[in-house]
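**Student:** Basically my numbering = 1-based index in the sequence shown + 25.
Have a look at the structure that comes next, please.
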Amino acid sequence: MFSRLLFLFAILLASSFSFAQGVALTFDDLPLNGELPPGVTRLQIAAGAIDVLRRHHVPQVFGFVNAKKLEGNPDGAEALKAWVAGGERVGSHTYSHIDLHQTAPDVFQREIAQDEPVLELLSPKDDWHWFRYPFLREGDTLEKRRAVRAYLTEHGYKVAQVTLDYEDYLWNTAYAHCAAKNDARSIEWLTTSYMSVASEYIDGNREMAKMVFGHDINHVLLLHLGAFSSTILPQVLDLLQQKGLHLITLEEAERDPAYQPDPDSVSSRFGGSILEQWMDVKKLTYPKLTPKPYKQLADICKP
Ligand SMILES: [Zn+2]
């Protein structure tokens, strides 16, 4: 009897592990998203984030680079050097963060090629052929979408999809403004509003994964490297752990079969995560979530 109970317990334990979902952190707009607080460098922003990632033993994360931001900007170059020296990876986010919905495919493809020398220089030993679409816009016509996808495949790129997104970038510039004013009360509000939006939207996005695929999947979280990153990251990592998401690499996340099929549709002119694309293709009803505090974030601590 006892051994049978033990056996049942072992099965339960094994199944709970196999159903535990992973999440890969990714950072866009390197070397910097948004504004800098006065007296702070891009190098300090990157070093602060790397420090948190290392202290929490986060597996290698990708940072998606816009090489144009390095023009005449040695601080940005130092930040990127520190990023790879700290053990993190780089991928492409186009040369100038170009919007595919405003651009012809050949111009967009030139921007992908233009980003490559910096990625090769930064990361000659690792595969940097991972591509994150700026604004998550994959084409406003099917022809465009297919042309760029074909180019990416021909040139050995994999698309770094996103499944968890709560527009974290909204807090970067707001934080830079509040830090400039040393406004502790407003920074407190930034922290609480960030955490409640993050929690609700992560749950909502996971609900969407279940609607689309019939079960939860391994996730990819979209973050932006900026002024607020190192302050808020420890709490984001706690939140993910509380939600039963364990940290994995982008490669591990995208080994989930959910990332294989291509929605191959022009679902939204605004762009969207792979889950949003599938929600639209399958005409599913989105979970109702509290609107984000766009106006408060734009107005808070305004210079
Ligand atoms: Zn971006």
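We put the beta carbon where it would ideally sit given N, CA and C, even for glycine.
In chain order, what residues have a CB nearer than 5 Å to some heavy atom of ligand 2?
**Tutor:** No copy of ligand 2 appears in this structure; the ligands present are ligand 1.
**Student:** Residue 172 lies in the alpha helix (DSSP H); which residues open and close that run?
**Tutor:** From DSSP, the alpha helix (DSSP H) with residue 172 extends over 167-179.
**Student:** DSSP on residue 230, reduced to helix/strand/coil?
**Tutor:** Helix, per DSSP.
**Student:** Hey, could you find the ends of the alpha helix (DSSP H) residue 278 is sitting in?
**Tutor:** Residue 278 -> alpha helix (DSSP H) spans 275-279.
**Student:** Identify, in the order they occur along the chain, each residue of the same chain with its Cβ nearer than 8 Å to the Cβ of residue 165, setting aside the five sequence neighbours on each side.
**Tutor:** 125, 126, 291, 294, listed in sequence order.
**Student:** Please classify residue 132: is it buried, with 16 or more other beta-carbons within 10 angstroms of its beta-carbon, or exposed?
**Tutor:** Residue 132 is exposed by the Cβ-count criterion.
**Student:** Under a Cβ-count criterion, where at least 16 other Cβ atoms within 10 Å of its own Cβ denotes burial, should residue 207 be classed as buried or exposed?
**Tutor:** Residue 207 should be labelled exposed.
**Student:** Leaving out five residues before and five after residue 115 in sequence, what residues of the same chain have Cβ atoms less than 6 Å from its Cβ?
**Tutor:** The residues are 88, 90, 144, 147, 148, 153.
**Student:** Who pairs with residue 116 in a beta bridge, going by DSSP?
**Tutor:** In the DSSP output, where bridge partners are listed per residue, residue 116 has 89.
**Student:** Among residues of its own chain, excluding the 5 on either side of residue 45, which ones have a beta-carbon nearer than 7 Å to its beta-carbon?
**Tutor:** These residues qualify, in order along the chain: 269, 271.
**Student:** Could you tell me if residue 38 is buried or exposed, where buried requires 16 or more neighbouring beta carbons within 10 angstroms of its beta carbon?
**Tutor:** Caution is warranted here: a pLDDT of 49 is assigned to residue 38, below 50, making its placement in the model unreliable, and no coordinate value can be reported.
**Student:** Restricting to Cα atoms, I'd like to know which of 81, 234, 103, 285 is closest to residue 310.
**Tutor:** Checking every option, the nearest Cα to that of residue 310 belongs to 234.
**Student:** If residue 75 sits next to residue 111, beta carbons under 8 Å apart, how far is it from one beta carbon to the other, in whole angstroms?
**Tutor:** Residue 75 to residue 111, Cβ: 4 Å. Contact.
**Student:** Can you name, in chain order, every residue of its own chain whose Cβ lies under 7 Å from the Cβ of residue 181, other than the five neighbours on each side?
**Tutor:** 154, listed in sequence order.
**Student:** Run the CB neighbour count on residue 285, radius 10 Å, all protein chains shown included, and call it buried at 16 or more, exposed below.
**Tutor:** By the 10 Å Cβ count, residue 285 comes out exposed.
**Student:** At which residue ranges does the stretch 45-79 contain complete beta strand (DSSP E) runs of 3 or more residues, listed in the order of the chain?
**Tutor:** The qualifying runs are 47-58.
**Student:** Tell me residue 272's beta-bridge partners as DSSP assigns them.
**Tutor:** In the DSSP output, where bridge partners are listed per residue, residue 272 has 48.
**Student:** For the alpha helix (DSSP H) that contains residue 202, what are its first and last residues?
**Tutor:** First-last of the alpha helix (DSSP H) with residue 202: 195-205.
**Student:** Given that a residue counts as buried once 16 or more other Cβ atoms are within 10 Å of its Cβ, and exposed if not, what is residue 245?
**Tutor:** Under this definition residue 245 is a buried residue.
**Student:** Could you check what DSSP says for residue 160 in three-state terms: helix, strand or coil?
**Tutor:** Note: residue 160 maps to helix in three-state DSSP.
**Student:** By a C-beta neighbour count over all protein chains shown, 10 Å radius and 16 as the cutoff for buried, is residue 202 buried or exposed?
**Tutor:** Buried is the call here.
**Student:** Cα separation between residue 322 and residue 194?
**Tutor:** So the alpha carbons of these two residues sit roughly 10 Å apart.
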